[in-house]
Amino acid sequence: MFLCTPIFKAMNHFPVISSIISPDHLAQFVQDAYGFNTGITCKLLKAGVNHSYLINDQVGQKYIFRVYSFGWRTRPEIEEELRLLDLLKDNNIPVSYALPDTNGVYIQEIHAPEGMRYGVLFTYADGEKLLNFPADVHYSIGRTMAQIHQLTEHLPLARPTYTAELMLQRSIEQIKNFLPANSDEMQWMLSTQETLLNLWAGADDSHLRKGAVHMDIWFDNMNITADGRVTLFDFDFCGNGWLCLDIAYYILQLYSTEKVEAERNEKLNSFLAGYESISPINAEERRLIPMLGVSMYFFYLGVQCERFENWSNVFLNETHLKRFINLLLKKYFDDHVITS
């Protein structure tokens, strides 16, 4: 027989660094806070940096309840996200936006085992996520992005500002915790980081539009209906920066999802035409778009490493990083970034 001696005699349980809130208990919480009739259902849709739950009421209405991870966003940062969404909604931009509870409160406090977490109820975006969709939908998305940028140019948010230091230098420090310093991949990352930093430093800031950016517009953050209507959601990474960051990320994702060159070029040109039907993209923005796309790869790899406890080592490990760098990042850099 093995005997187990308690290590923490004064503690009833071990602390945790990340938890998943019970959908059944969250259903009751949402029902009480928002005044729903009895019988609503709650289902966990996705557990990542934040957790998304699908709420269904008795009459078939759907909602999304997001639970922010512990230590990920402050309450003022979430308030700024919701302020941006209200601005877009009030100007007829198709976005999922926050709903108040019966007391007019938008941000709920959830006492999770690891500490205080925040929750927000959002409207449901009609349609479904589509990995591949027609060129005319890309045109529509381009128009919508440009309309957003018209509203957010010169708009400051009390949120992070996306600089080279944040996207490239801080990210590398996070990646170093998972990728050996002597590996070919890390050596390439460090060399490419230096190249990208020089390109950032050489940008003509006076010709770059600035304001509030989404930073994460891609197929996983939009729903598309059968008749081609698009609704954007998940503004969790919104912040301040060059507006062309959003364009760069969208183009980057097109190269990831569209493998047939002719179809990709058609959809890319359609997206750009949609954008420029509202706002022109100037020469300096066009010049920087490829290197900003690679910078986005650096940034999101850094986020994955920083929030390791949300992804788990089944997903985030040395093998994953090496495959990502070799199959996606290096290829995009080699094909698109002009260094001189």
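For the record, in the sequence shown the residue sitting at position 310 is 312 according to our numbering, with numbers rising by one throughout.
Glycine residues also receive a C-beta, built at the ideal position from the N, C-alpha and C atoms.
All figures in this text were calculated on a predicted structure; none of them were measured in a lab.
- DSSP places Leu47 in the uninterrupted beta strand (DSSP E) bounded by Thr43 to Ala49.
- For Trp313, the enclosing alpha helix (DSSP H) stretches over residues Phe310 to Trp313.
- Your pair Ile226 and Val97 does not check out as a contact, with CB atoms roughly 14 Å apart and the cut at 8 Å.
- Excluding the 5 residues flanking it on each side, Glu311 has same chain C-beta neighbours closer than 6 Å at Ile19 and Ser20, in chain order.
- If you draw a straight line from the Cα of Gln149 to the Cα of His322, it is about 36 Å long.
- The beta carbon of Leu56 sits closer than 6 Å to the beta carbons of Lys45 and Leu47 from its chain, once the five residues preceding and following it are set aside; these are given in chain order.
- Annotated three-state conformation of Gln149 is helix, per DSSP.
- Counting C-beta atoms within 10 angstroms of its own C-beta, Ser193 has fewer than 16 neighbours from the protein chains shown and is therefore classed as exposed.
- Counting the other CB atoms within 10 Å of its CB gives Thr40 a total below 16, which places it among the exposed residues.
- DSSP, read as helix, strand or coil, puts Gly276 in helix.
- The residue from Leu198, Asn223, Ser272 and Asn242 with its alpha-carbon nearest to that of Ile340 is Leu198.
- Rounded to the nearest whole angstrom, the CA to CA distance from Thr76 to Glu263 is 42 Å.
- About 6 Å separates the CB atoms of Glu287 and Leu210; that is less than 8 Å, so the two are in contact.
- Under the rule that a run must span 3 or more residues, the beta strand (DSSP E) segments found entirely inside the segment 62 to 99 read 64 to 70.
- Boundaries of the beta strand (DSSP E) harbouring Asn52: Asn52 to Asn58, taken from the DSSP string.
- Sorting Ser71, Leu331 and Phe38 by C-alpha distance to the C-alpha of Gly62 places Phe38 at the top.
- Cys240 and Leu132 do not touch by the CB rule: their CB atoms are close to 23 Å apart, not below 8 Å.
- Assignment of beta strand (DSSP E) within the segment 212 to 288, counting only whole runs of 3 or more residues, yields 212 to 215, 224 to 226, 232 to 234 and 241 to 244 in chain order.
- Around the beta carbon of Arg119, a 10 Å sphere encloses 16 or more other beta carbons of the protein chains shown; the residue is thus reported as buried.
- Non-local beta-carbon contacts of Tyr65 in its own chain, meaning distances under 6 Å to residues more than five positions away in sequence, involve Ile57, Leu123 and Tyr126 in chain order.
- Setting aside the 5 residues that flank it on each side, Ser142 is surrounded in the same chain by Gly230, Val232 and Gly276, each with a C-beta closer than 7 Å to its C-beta; the list follows chain order.
- Residue pairing from DSSP places Thr125 in a beta bridge opposite Tyr65.
- DSSP links Ile112 through a beta bridge to Arg119.
- In this structure the segment 324 to 332 does not lie against the segment 270 to 285, because fewer than three pairs of beta carbons, one per stretch, are closer than 8 Å.
- A direct Cα-Cα distance of roughly 19 Å separates Met191 from Ser258.
- By the Cβ-count criterion, Pro182 is exposed, with fewer than 16 other Cβ atoms from all chains shown falling within 10 Å of its own Cβ.
- Rounded to the nearest whole angstrom, the CA to CA distance from Phe16 to Glu111 is 22 Å.
- Excluding sequence positions up to five before and after Leu331, its CB lies within less than 6 Å of the CB of Tyr299, all in the same chain and listed in chain order.
- From the listed residues Leu234, Asp336, Phe273 and Cys246, the smallest Cα separation to Asn94 is found for Leu234.
- The Cβ atoms of Arg145 and Ser279 lie closer than 9 Å to each other.
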